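Notes to accompany the following structure.
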Amino acid sequence: MAEWTECMNFGITIARQASKVILEAFRAKKDVMLKSSPADLVTETDQRVEKMLISRIRERYPTHKFIGEESVAAGEKLELTDSPTWIIDPIDGTVNFVHRFPFVAISIAFAVNKQTEFGIVYSCVEDKMYRAQRGGGAFVNDVPLHTSGQEDITKSLVVTEIGAERDCLALCTMTTNIMNLLAIPIQGIRAVGTAAVDMVLVATGGADAYYHIGMHCWDIAASALIVTEAGGVVLDTDGSEFDMMSRKVIAASSMPVAKRIAQVVRAFPCTRDDEDPARVNNGGHCISSGL
Ligand code: LIP
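Numbering follows my numbering, in which position 195 of the sequence shown is assigned residue number 244; successive positions increment by one, without gaps.
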């Protein structure tokens with residue numbers, strides 16, 4: 050664990066530096082570009098912050114590898130090898146950023162031998178630095194984090210996202226999932242608009258579970274470790290072992306809550322992050338299997 054502490058501390062430093070660029074741009078007029086759908090946005094700030102983070106890391110750790118949201122969007126191959134790899138979302142919650150909805154986060158995970166060694170989620174507007182090292186616990190602004198430990202789904206507050214898909218079948222799948230969970234009943238559903246912040250709310254105990262279909266590895270790699278180090282559980286939406294490349298996740302306060310959500314929630318097939326979209330005839334987007 051101690052081997053990567055210096056790397057994590059460097060990641061925290063550059064996340065704080067990058068947040069200054071984000072907060073300056075937060076209130077300014079933005080040029081917005083579209084990616085996979087009318088709700089999948091990117092701005093010049095996303096691209097600039099990612100380039101800044103990667104260049105500072107590469108200067109200090111020239112042999113390390115990178116998986117960055119905007120680098121992949123620009124055509125870089127997404128491949129997680131055994132090499133030390135930084136998995137970066139420069140602005141998680143870009144739609145929030147464009148609309149000045151005050152929840153935007155920098156998410157930085159670091160993996161070696163395909164195992165996450167540390168995760169950093171910096172919720173910039175809130176000034177909340179969430180971090181965890183494998184085996185070292187989870188913290189927000191250096192205060193220890195613990196999940197709620199809730200085991201009763203009927204006493205749970207659940208967080209999710211509608212995501213960027215706008216085709217009818219994806220939306221029907223997502224809204225049916227919400228309806229079926231509410232009918233259990235659960236006590237509430239929330240969506241913050243950034244997967245990373247959604248998920249760390251489970252680590253704080255403020256939410257009892259989070260689930261999502263269609264997000265990417267850079268959205269959740271860091272927050273998944275923060276949840277498990279806070280005593281939580283992270284699974285695939287079918288209840289199997291978590292796989293950051295599958296684009297399907299459940300994070301929960303306890304295994305009973307996680308498994309109950311896995312019984313109710315249905316996923317629509319998504320191209321894996323590490324699958325070549327060109328080989329898949331839907332152009333790499335999520336497609337619904339229907340209900
Ligand atoms: C976003 C996620 C959010 C999801 C959006 C988008 P981005 O990531 O954090 O939970 O609903 O569709 O994927 O694109 O802002 O980095």
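No residue lacks a Cβ here, since even glycine has one placed at the ideal position from N, Cα and C. Small disclaimer: the values here were computed from a predicted structure and weren't measured.
| query | result |
| --- | --- |
| To which residues of the same chain is T243 closer than 6 Å at the C-beta, ignoring the five residues directly before and after it? | D141, G142, F152 and A154 |
| Can the beta-carbon of S156 be found less than 7 Å from the beta-carbon of A245? | yes |
| Can you find at least 3 beta carbon pairs, one from the stretch 177-196 and one from the stretch 263-282, that sit closer than 8 Å? | yes |
| How many angstroms separate the CA atom of R239 from the CA atom of A258? | 10 Å |
| I believe L274 touches A158 by the beta-carbon criterion, under 8 Å. Please report the beta-carbon distance rounded to the nearest angstrom. | 7 Å |
| If you measure from the CB of A154, is any heavy atom of ligand 1 nearer than 6 Å? | no |
| Write down the C-beta distance between S90 and V98 rounded to the nearest angstrom, noting that I regard them as a contact closer than 8 Å. | Checking the sequence shown, residue 90 turns out to be Leu, not Ser. Wrong, their Cβ atoms sit about 14 Å apart, outside the cutoff. |
| Can you say whether N162 is buried or exposed, counting buried as having 16 or more other CB atoms within 10 angstroms of its CB? | exposed |
| Rounded to a whole number of angstroms, what is the C-alpha to C-alpha distance between S120 and Q96? | 8 Å |
| Using the C-alpha atoms, what's the distance from C56 back to Y110? | 9 Å |
| Please go through the stretch 130-207 and give each complete alpha helix (DSSP H) segment of 4 or more residues, from N-terminal end onward. | 143-148 |
| By Cβ distance below 8 Å, which residues in the same chain neighbour I227 in space, the five residues on each side in sequence not counted? | T209 and I238 |
| If C173 and I71 are in contact, beta carbons under 8 Å, what's the gap, nearest whole angstrom? | 5 Å |
| Compute the distance between the beta-carbons of M294 and R321, then report whether it is under 7 Å. | yes |
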